[in-house]
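**Q** Chains as they are written, first to last, in my numbering: chain V, 119 to 234; chain L, 215 to 352. Beta carbons: idealized from backbone N, C-alpha and C, even for Gly. The structure presented is a predicted model; accordingly, all values stated were derived computationally and were not measured. Before we start, here is the structure in question, set down as structure tokens.
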Amino acid sequence: MYVYRSSRGSGAPSWVLQRITGILLFVVVIAHYFIMHSDPASGHTYAAVLARMHNPFWKMFDLTFITVGLWHGLNGTWGIFRDYDMKPWLSLTIYGIIILSGIAFWVLGINTILSF
Amino acid sequence: MAYRPNPPQGWIKTNLKYYKHGGSWAWILHRLTGLGLTAYIYLHIYALTSLTQGEKAFDEEMKLFSTPFFKFLEWALFSLVLFHAFNGVRIILVDWANGARYHKKVLAVVYVLAVVLFVGMGYLIFREPITNLFASIR
């Protein structure tokens with residue numbers, strides 16, 4: 119049996135979660151594209167968004183979508199950087215940028231949805 | 215000597231030197247499209263903050279996004295979505311469903327499905343100008 123010994127986490131939980139969120143996003147992003155981005159003339163007025171945001175389903179949907187999408191994207195980005203041998207200060211800087219910008223944009227998106 | 219997982223300098227050069235088969239290109243494309251889509255989520259979240267500035271600001275912005283140039287960008291972005299989504303399924307098959315034995319066939323399916331849906335989306339986004347074009351020919 120393989121025993122993992124390292125001062126650093128193995129990354130296994132984020133590896134599994136990357137696949138689970140990926141399956142979710144496969145369905146959701148393609149559906150989102152066909153619903154929202156196949157016809158720019160429909161569903162893009164302020165009134166249409168207001169109506170959608172008063173539906174708890176779409177509100178929860180969008181909150182989940184932002185969270186899962188950002189997490190999958192940023193976990194993937196960090197996964198790419200992790201492949202390369204970096205000096206600790208560089209690794210820490212990139213990790214910091216990913217975490218801080220991720221939190222900032224998550225708050226920005228959540229704030230937009232909850233303003234309704 | 216200490217174990218070095220990658221050469222500290224010149225990893226771009228090293229990577230370019232490797233012989234690349236279909237799977238290597240898929241790996242490279244998966245990373246590039248992933249980075250592109252992540253950058254786009256940031257842009258998407260930022261663009262929709264105009265919703266907090268009221269009806270006028272938002273509808274004004276949507277008018278800009280309905281111009282042919284932005285429609286084209288929207289369509290182009292879908293190619294990243296499609297490749298990343300279908301190749302992502304291929305990666306999961308390799309990891310969890312013995313996909314290493316048939317991943318090349320799956321890659322062909324990935325490209326075919328992506329192209330078909332991309333063309334289909336192109337028709338949906340540009341159906342008005344396309345319909346008008348054919349109406350004018352007739």
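Considering only the beta carbon of each residue, do V303(L) and A240(L) sit closer than 9 Å?
**A** Here residue 303(L) corresponds to residue number 89 of the second sequence, with the count starting at 1. Here residue 240(L) corresponds to residue number 26 of the second sequence, with the count starting at 1. Not a contact, by the Cβ cut-off of 9 Å.
**Q** Indicate the three-state DSSP secondary structure (helix, strand or coil) for Y254(L) in the structure shown.
**A** Here residue 254(L) corresponds to residue number 40 of the second sequence, with the count starting at 1. The answer is helix: DSSP assigns Y254(L) an H, G or I state.
**Q** Please classify F284(L): is it buried, with 16 or more other beta-carbons within 10 angstroms of its beta-carbon, or exposed?
**A** Looking up residue 284(L) in the second sequence gives position 70. Exposed, by the Cβ-count rule.
**Q** Between which residues of its own chain and R170(V) is the CB-CB distance below 6 Å, once the five residues before and five after are set aside?
**A** Looking up residue 170(V) in the first sequence gives position 52. For R170(V), where only same-chain residues beyond five positions count, the Cβ hits under 6 Å are W176.
**Q** Anything in the stretch 292-307 of chain L with a Cβ closer than 7 Å to a Cβ of chain V? List those residues in chain order, please.
**A** F292, V295, A299, G302, V303 and I306
**Q** Along chain L, in chain order, which residues have C-beta atoms closer than 7 Å to that of Y164(V)?
**A** As a working mapping, residue 164(V) is identified with position 46 in the first sequence. Chain L residues near Y164(V): E269, F272 and D273.
**Q** How long is the line joining the alpha carbons of N346(L) and F199(V), rounded to whole angstroms?
**A** Start at 1 with the first residue of the second sequence, and residue 346(L) comes out as number 132. Start at 1 with the first residue of the first sequence, and residue 199(V) comes out as number 81. N346(L) and F199(V) have their C-alpha atoms some 48 Å from each other.
**Q** So is G236(L) in contact with chain V if we call contact Cβ pairs under 9 Å?
**A** Stepping through the second sequence from its first residue, residue 236(L) is reached at position 22. No - not a single Cβ of chain V is within 9 Å of the one on G236(L).
**Q** Looking at C-alpha atoms only, which residue of S219(V), I217(V), G227(V) and T139(V) is the closest neighbour of A299(L)?
**A** Start at 1 with the first residue of the second sequence, and residue 299(L) comes out as number 85. It is T139(V) whose Cα lies nearest to the Cα of A299(L).
**Q** Pull up the CB-CB distance for T252(L) and G194(V), whole angstroms please, since I reckon it's below 8 Å.
**A** The count along the second sequence starts at 1 and reaches residue 252(L) at position 38. The count along the first sequence starts at 1 and reaches residue 194(V) at position 76. T252(L) to G194(V), Cβ: 7 Å. Contact.
**Q** Under the assumption that S128(V) contacts Y120(V) (Cβ atoms under 8 Å), give the Cβ distance between them as a whole number of angstroms.
**A** Here residue 128(V) corresponds to residue number 10 of the first sequence, with the count starting at 1. Here residue 120(V) corresponds to residue number 2 of the first sequence, with the count starting at 1. S128(V) to Y120(V), Cβ: 10 Å. No contact.
**Q** Name the two residues that bound the continuous alpha helix (DSSP H) containing H298(L).
**A** To locate residue 298(L), count along the second sequence from 1; it is residue 84. Its alpha helix (DSSP H) spans residues P282 to W310.
**Q** I want to verify the contact list: residues of chain L whose CB lies under 8 Å from the CB of S233(V), in sequence order.
**A** As a first step, residue 233(V) is located in the first sequence; it is residue number 115 there, counting from the start. Simply L265 and T266.
**Q** Specify the secondary structure class of D180(V) as computed by DSSP and reduced to three states.
**A** What you label residue 180(V) is simply residue 62 of the first sequence in a count that begins at 1. D180(V) carries a helical assignment under DSSP once its states are collapsed to helix, strand and coil.
**Q** Roughly how many angstroms lie between the CA atoms of S209(V) and L192(V), to the nearest whole one?
**A** The residue given as residue 209(V) occupies position 91 in the first sequence. The residue given as residue 192(V) occupies position 74 in the first sequence. Rounded to the nearest angstrom, the two C-alpha atoms are 14 Å apart.
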